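Position 326 of the sequence shown, counted from 1, bears residue number 335 in our numbering, the numbering being contiguous throughout.
In this text, a Cβ means the ideal position worked out from N, Cα and C, and glycines have one as well.
Everything numeric in this text was worked out from a predicted model, so none of it was measured.
Below: the structure, in structure tokens.
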Amino acid sequence: MKKYRVGILGATGTVGQRFVQLLEGHPQFEITALAASDRSAGKPYAEACAWKLPGNIPQTVADITVTPIEPPLDCDIVFSSLPSSVARETEEAFARAGYPVISNSSSYRMDEDIPLLIPEINGDHVALIERQREKRGFGKGFIVTNPNCAVVSFAPPLAALHRKFGVEACVVTTMQAISGAGYPGTPSLDITDNVFPYIAGEEPKVETESQKILGRLADGSVEYADFPVSAQCFRVNVVDGHMVSVRVDLKEPATLEDVVAAMREFPSLDLHSSPENFIVVSEEPTRPQTRLDRDAGNGMTITVGRVFPDTVFDYRFIALSHNTVRGAAGGAVLNAELLISKGLI
Ligand code: NAP
């Protein structure tokens with residue numbers, strides 16, 4: 010199997026560390042470049058990075074010297090986990106220099122020529138790349154993005170329902186992990202013994218991204234799905250895992266059995282990082298729980314539970330995913346595997 014050399018922008022951060030962990034031993038990728046801020050550039054990765062994941066920094070990357078976030082980088086593919094304040098300009102510079110850029114940042118997600126991907130749902134949106142290259146004059150390079158980490162929890166079951174019955178409207182309440190804010194993130198005195206009712210900029214992202222992901226590719230652009238989403242976003246006192254409470258109205262009638270079957274039958278893909286089951290629906294009354302279910306499918310499975318008819322909407326359910334795996338680094342690695350399988354890298 011061909012090995013691609015990858016570089017990580019924001020390599021010392023929460024998502025950057027998760028990339029390093031997930032790429033260790035990956036059959037298609039080998040880390041050859043690590044980039045971060047001026048604070049880190051010039052230092053060996055092991056010195057620049059305050060490693061926060063279990064175990065030690067992998068020996069394969071410990072001695073790589075961290076570089077500034079500018080092209081050229083010694084790699085074939087760039088994974089970006091930069092703050093949105095610097096991502097837009099930097100990712101464009103890399104795409105213009107000919108690199109495929111696979112981004113976790115929100116900067117380009119809603120641009121009409123940029124794919125916003127959950128491969129199992131809308132892998133066909135990679136067709137936007139051709140238009141993007143023409144429009145922006147990127148040459149060989151391009152940018153694809155993965156969604157907001159809370160959207161990743163509920164877009165899959167919503168896609169299952171939208172395909173079978175059509176979604177009319179959706180209300181979501183998110184319970185998002187502390188690691189979603191990066192490191193050091195929410196101050197401990199704000200989050201300990203507390204639920205924090207504000208995440209800057211989050212609600213508009215959660216209210217708009219799923220319509221693009223569930224949208225249909227027509228004439229080289231994405232026709233957005235036409236249902237409204239109403240969102241309230243909370244930071245809660247767990248380390249990893251975003252749980253979302255969902256209430257949904259459907260366009261066509263569906264029994265509870267139909268709803269559960271639609272979610273369970275949504276296929277996974279046959280890529281290296283694909284979980285065996287894309288969506289697991291639990292019938293245990295007490296599941297999903299963040300601590301117990303976030304690692305399902307190596308952090309790549311979406312766990313749904315408490316699916317019931319609702320008293321105001323048609324149905325309600327809970328959905329959970331791992332925010333730094335499926336919701337960030339793991340989702341981006343899956344995007345890269347998809348792009349390779351489609352001959353785009
Ligand atoms: P983080 O822990 O704060 O890490 C930020 C990284 O970016 C660090 O490597 C940092 O390098 C680097 N950086 C910061 N400012 C920079 C600058 N001015 N120039 C160059 N590099 C700079 O953040 P994170 O949680 O990993 O998030 C990274 C991105 O992923 C954000 O856009 C975030 O919205 C998105 N995202 C995060 C999650 C999540 O669950 N955390 C999920 C999905 C998407 P230094 O160490 O050198 O400062």
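Inset, instruction - Determine, using beta carbons only, whether Phe-243 and Val-181 come nearer to each other than 8 Å. - result: no
Inset, instruction - Measure the C-alpha to C-alpha separation of Ala-271 and Glu-129 and round it to an integer number of angstroms. - result: Taking the Cα positions, Ala-271 is about 14 Å away from Glu-129.
Legend entry - Glu-39 - partner residues in DSSP beta bridges: Glu-39 pairs with Arg-14.
Legend entry - Exposure of Phe-38, with buried meaning 16 or more beta-carbon neighbours within 10 Å: buried
Inset, instruction - Enumerate in chain order the residues of its own chain whose CB-to-CB distance from Tyr-207 is below 6 Å, with the five nearest sequence positions on each side excluded. - result: none
Inset, instruction - Alpha carbon to alpha carbon, how far is Gln-26 from Leu-378? Give it in angstroms, no decimals. - result: Because the chain here runs from 10 to 354, residue 378 falls outside it and cannot be looked at.
Legend entry - Proximity winner among Gly-22, Ser-239 and Glu-293, relative to Trp-60 (alpha-carbon distances): Ranking Gly-22, Ser-239 and Glu-293 by Cα distance to Trp-60 puts Gly-22 first.
Inset, instruction - For Phe-338, collect the residues of the same chain with a Cβ closer than 6 Å to its Cβ; drop the 5 residues on either side in sequence, then sort them by chain order. - result: With the sequence shown as reference, residue 338 is identified as Ala, and Phe is not the correct amino acid for it. Excluding sequence neighbours, Ala-338 sits near Val-24, Arg-27, Phe-28 and Leu-31.
Inset, instruction - Could you tell me if Met-10 is buried or exposed, where buried requires 16 or more neighbouring beta carbons within 10 angstroms of its beta carbon? - result: exposed
Inset, instruction - Say whether the segment 215-230 touches the segment 266-281, bearing in mind that this needs 3 or more beta-carbon pairs closer than 8 Å, one atom from each stretch. - result: No, the segment 215-230 does not touch the segment 266-281.
Legend entry - Own chain partners of Glu-253 with C-beta closer than 8 Å, once the 5 adjacent residues on each side are dropped: Position check: residue 253 holds Val in this sequence, whereas Glu was assumed. Here the set comprises Ala-159, Ser-162, Phe-163, Val-181, Thr-182, Thr-183, Met-184, Ile-327, Ala-328 and Leu-329.
Legend entry - Length at least 3, wholly inside the segment 136-175: the beta strand (DSSP E) runs in chain order: Correct list: 151-154.
Inset, instruction - Measure the C-alpha to C-alpha separation of His-331 and Ser-188 and round it to an integer number of angstroms. - result: 10 Å
Inset, instruction - May I ask you to verify whether the segment 139-157 touches the segment 114-124, counting CB pairs closer than 8 Å and requiring at least 3? - result: Enough Cβ pairs lie closer than 8 Å, so yes.
Inset, instruction - Determine the contact status of Arg-300 and Gly-314, defining contact as a CB-CB distance below 8 Å. - result: Cβ atoms of Arg-300 and Gly-314: not closer than 8 Å.
Inset, instruction - From the DSSP output, read off the bridge partner residues of Ala-44. - result: Leu-18 and Thr-76
Inset, instruction - State the DSSP-derived secondary structure class of Asp-228, mapped to helix, strand or coil. - result: coil
Inset, instruction - May I ask you to check if the CB of Ile-78 is nearer than 7 Å to at least one heavy atom of the ligand NAP? - result: yes
Inset, instruction - Verify the contact flag: Val-24, CB atom, against every heavy atom of the ligand ADP, threshold strictly below 7 Å. - result: The ligand ADP is absent from the structure shown, which contains only the ligand NAP.
Inset, instruction - Determine, using beta carbons only, whether Arg-97 and Tyr-117 come nearer to each other than 8 Å. - result: yes
Inset, instruction - Rounded to whole angstroms, what's the CA-CA distance from Ser-114 to Lys-214? Just pull it up for me. - result: Those two C-alpha atoms are separated by around 12 Å.
Legend entry - Where the alpha helix (DSSP H) containing Leu-280 begins and where it ends: It is not in any alpha helix (DSSP H) - Leu-280 carries neither H nor E in the DSSP assignment.
Inset, instruction - Mark Gln-220 as exposed unless 16 or more other C-beta atoms lie within 10 angstroms of its C-beta, in which case mark it buried. - result: Taking all protein chains in view, the Cβ of Gln-220 is crowded by 16 or more other Cβ atoms within 10 Å, so the residue is classified as buried.
Inset, instruction - Look at Val-290 and Val-316 and say whether their C-beta atoms are less than 8 Å apart. - result: yes
Legend entry - Proximity below 8 Å, CB of Ile-86 to CB of Pro-156: No, the pair does not count as a contact, with Cβ atoms beyond the cut-off.
Legend entry - Run of the beta strand (DSSP E) containing Tyr-117, from where it starts to where it stops: Where Tyr-117 is concerned, there is no enclosing beta strand (DSSP E), given that its DSSP letter is neither H nor E.
Legend entry - Nearest candidate by alpha-carbon position, reference Glu-285, set Arg-273, Leu-226, Gly-64 and Thr-320: Arg-273
Legend entry - Assigned exposure category for Glu-100 - 16 Cβ within 10 Å defines buried: By the 10 Å Cβ count, Glu-100 comes out buried.
Inset, instruction - Answer yes or no: the CB of Val-95 versus the heavy atoms of the ligand NAP, is any distance below 7 Å? - result: yes
Inset, instruction - Compute the minimum distance between the beta carbon of Pro-124 and the heavy atoms of the ligand NAP, and state whether it is under 7 Å. - result: It does not: the Cβ of Pro-124 is nowhere closer than 7 Å to a heavy atom of the ligand NAP.
Legend entry - Beta-ladder partner(s) of Pro-109, from DSSP: Phe-151
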